[in-house]
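Take a look at the structure set out below.
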Amino acid sequence: MTVLAAIEAGLRTCDEVFRDPLGAPDRTARHTIGEVSAASRLTAHTLRWYERIGLLDPVDRSASGQRRYSDADLHRLAFLGRLRLTGMPVADMLRYVELARQGDRTSADRRDLLLAHREEVRQRIADLHATLAVLDHKIDLYDGRIARREP
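Each residue of the sequence shown is one higher than the one before, counting from 1 in the UniProt record's numbering.
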C-alpha cells in the first residue's frame, strides 16, 4: 500500500504509529524497513536482528521479498524501545515477548517481570537524583568562586 493510499484509507503513517502506539493496531503489512528505521531510530540491521532473535514475529514480505511491517510490529517496537530506554536487558525483553506469545495465561508472569524491572528503574532514578544533587552542589560552589573573582 502506498503512503497516499494509506492516508486516504484513514491509516496513520509509520511515524505517527510509532510515536503514539495506542489502540488496536492495524495488521496490514505496509511499512518498509526504511520507514520503520527512520521512525524508530533503529538501524535496518537492528530490525533484522530483532526479528532473527525473536523480539519481533517474522515480518511479512512483499512480492519482491522486501520486509513490510504492520502497525502491530510498530507497537511492539515502541514498547521494546521504552524497555531498552529503562535499561532492561535483551534477555528479559525476550522473556517478556515469549510470555506474551503464550497468551493471557502468562499475564501474572509478565506483570511480575515488569514489577521487578520497575523497582530497578526506581532505584536508578533515586541514584540519579542523588547524583544530580551532588552536581548541583558542586556547580553552586564554582558559581560562588567565580562570582567572587569577577570585578
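Just so it is clear, CB atoms sit at the ideal spot from N, CA and C, and this is done for glycine as well.
Problem set entry | D20, DSSP secondary structure in three states | Coil at D20, not helix or strand.
For this session: Evaluate S70 with the Cβ neighbour count: other Cβ atoms within 10 Å of its Cβ, from every protein chain shown; 16 or more gives buried, anything less gives exposed.
Result: A buried status is given to S70, since no fewer than 16 other beta-carbon atoms sit within 10 Å of its beta-carbon.
Problem set entry | Where A68 sits in the DSSP three-state scheme | At residue 68 the sequence reads Arg, which differs from the Ala that was named. DSSP places R68 in strand when its eight states are reduced to three.
Exercise. How do the region 43 to 58 and the region 105 to 113 stand: do at least 3 beta-carbon pairs fall below 8 Å, yes or no?
Worked result: As far as the Cβ criterion goes, the region 43 to 58 does not touch the region 105 to 113, which means the pair count is below three.
For this session: Can you say whether L141 is buried or exposed, counting buried as having 16 or more other CB atoms within 10 angstroms of its CB?
Result: By the neighbour-count rule (16 or more Cβ atoms within 10 Å), L141 is not buried but exposed.
Problem set entry | residue 191, buried or exposed, once every other Cβ within 10 Å from all chains shown has been counted against 16 | The chain is shown from 1 up to 151; residue 191 falls before or after that span and cannot be answered.
For this session: With a 10 Å radius around its C-beta and 16 neighbouring C-beta atoms as the bar for buried, classify H31 as buried or exposed.
Result: Classification for H31: buried.
Problem set entry | Buried/exposed call for L80, threshold 16 Cβ in 10 Å | Counting other Cβ atoms within 10 Å of its Cβ, L80 reaches 16 or more and is therefore classed as buried.
Problem set entry | Status (buried if at least 16 other CB within 10 Å, exposed otherwise) for V134 | Classification for V134: exposed.
Exercise. Among the residues of its own chain, which have a CB less than 7 Å from the CB of D73, if the five just before and after it don't count?
Worked result: Result list for D73: L56, V59, in chain order.
Exercise. Near F18, what residues of its chain come up, given a Cβ to Cβ distance below 8 Å and the 5 sequence neighbours on each side ignored?
Worked result: Within the same chain, F18 has close Cβ partners V36, A39, S40, L74, L77, A78.
Exercise. Mapping DSSP to helix, strand and coil, what is D143?
Worked result: Looking at D143 - three-state DSSP - the assignment turns out to be helix.
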